[in-house]
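Enquirer: So that we are looking at the same thing, I have put the structure below in structure tokens.
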């Protein structure tokens with residue numbers, strides 16, 4: 118789980134998608150608390166610098182979940198599509214974005230019938 122969390126390639130399961138939001142929420146909460154405690158001049162700028170990788174992380178995870186559903190990562194900008202990403206089932210077997218992360222349908226021994234070994 119969380120292999121290459123900042124990459125936009127591949128597919129992730131629903132549970133990793135949910136855990137990504139939990140990590141994002143906890144990290145955002147901690148950053149806001151630190152900003153409130155410090156109350157320094159550099160606080161907003163440091164907060165912005167820290168939020169950029171966090172935003173990159175959540176966009177990458179959402180893109181991978183879109184890929185798991187068989188759609189482009191651009192679908193995440195559709196309003197309420199995140200509900201579909203949360204409750205929708207993934208594509209069975211491999212799709213153009215990679216193998217199924219559950220392992221369902223990735224390998225089928227029936228495909229080897231009639232194949233010659235060299």
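Numbering (our numbering), first residue to last: 118 to 235.
C-beta atoms are modelled at their ideal positions from N, C-alpha and C, and glycine is treated no differently.
The structure displayed is predicted, hence computed values, not measured ones.
(1) Which term fits residue 118, buried or exposed, when burial requires 16 or more other beta carbons within 10 angstroms of its beta carbon?
(2) Once you ignore the five residues that flank residue 164 on each side, which residues in its own chain have a CB closer than 7 Å to its CB?
(3) Among the candidates 202, 198, 134 and 185, whose CA atom is the shortest distance from the CA of residue 221?
(4) Out of 193, 156, 162 and 144, which has the shortest C-alpha to C-alpha gap to residue 125?
(5) Do residue 168 and residue 122 have their C-beta atoms within less than 7 Å of each other?
(6) Counting only the same chain and skipping the five closest in sequence on each side, list residues whose C-beta sits under 6 Å from that of residue 142.
(7) How is residue 127 classed by DSSP in three states: helix, strand or coil?
(8) Between residue 178 and residue 157, what straight-line distance do the alpha-carbon atoms span, to the nearest angstrom?
(9) Could you pull the start and end residues of the alpha helix (DSSP H) that residue 177 belongs to?
Expert: Reading off the structure:
(1) For the purposes of this step, residue 118 is taken as the residue at position 1 of the chain shown. The residue is exposed, with fewer than 16 neighbouring Cβ atoms inside 10 Å.
(2) As a working note, residue 164 is residue 47 in the chain shown. Correct list, in chain order: 148 and 152.
(3) Translated into positions along the chain shown, residue 221 becomes position 104. Closest by alpha carbon: 185.
(4) Position 8 of the chain shown, counted from the first residue, corresponds to residue 125. Comparing Cα positions, the closest option is 193.
(5) Indexing the chain shown from 1 puts residue 168 at position 51. Indexing the chain shown from 1 puts residue 122 at position 5. Not in contact: residue 168 and residue 122 (Cβ atoms no closer than 7 Å).
(6) Within the chain shown, residue 142 is the residue found at index 25, counting from 1. Nothing listed; no residue qualifies.
(7) One-based indexing of the chain shown puts residue 127 at position 10. Of the three classes helix, strand and coil, the one that applies to residue 127 here is coil, per DSSP.
(8) The residue you call residue 178 lines up with position 61 of the chain shown. The residue you call residue 157 lines up with position 40 of the chain shown. Looking at the two C-alpha atoms, the distance is approximately 32 Å.
(9) Position 60 of the chain shown, counting from 1, holds the residue named residue 177. That run of the alpha helix (DSSP H) goes 160–185.
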